[in-house]
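Numbering (my numbering), first residue to last: 476 to 612. For glycine and all other residues, C-beta sits at the position ideal for the given N, C-alpha and C. The structure appears right after this line, and notes come after that.
Shown next as structure tokens:
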């Protein structure tokens, strides 16, 4: 412990001293010091906060559906959805899409999986782009 405290330097020592007060760092084991400093530098993630971010995520103007899917998957990875993950992703995809026509198409489907929702949304977006390209010519 004393070697760790010495090698950590004065800045880390001051942080540790404040974290473990009223005890002193030298009164703790290496594992206790390690846990304290890890908790300080890597605070526990708030599940509610992460889910808040996930549920506020909507497709940005000009963002491709495929990029939006990647974004919601990234946000979902820290939400601890467990068995609810596929449903949460599907719902966020449908609710967060900026294209009303794609939303309507997805909402009309019974027993829609996240995978199928992704395929349909990407397919509709590609079809819209192709129609736009053909009408521009």
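- A distance of 8 Å or more separates the beta carbons of residue 557 and residue 532.
- Residue 609 and residue 538 have their C-alpha atoms some 21 Å from each other.
- Secondary structure at residue 555: coil, using DSSP grouped into helix, strand and coil.
- Taking C-beta separations shorter than 6 Å and ignoring five residues to either side along the sequence, the partners of residue 567 in its chain run 547, following chain order.
- A distance below 8 Å between beta-carbons, with the five flanking residues on each side excluded, links residue 582 to the following residues of its chain, in chain order: 569.
- Residue 532 sits in coil when the DSSP states are folded into three classes, being neither helix nor strand.
- Within the region 546 to 591, not a single complete beta strand (DSSP E) segment reaches 3 residues in length.
- Our two residues, residue 612 and residue 562, have alpha carbons roughly 41 Å apart in a direct line.
- Between the alpha carbons of residue 482 and residue 553 lies a distance of about 34 Å.
- A Cβ-Cβ separation of about 5 Å places residue 540 in contact with residue 597 under the 8 Å criterion.
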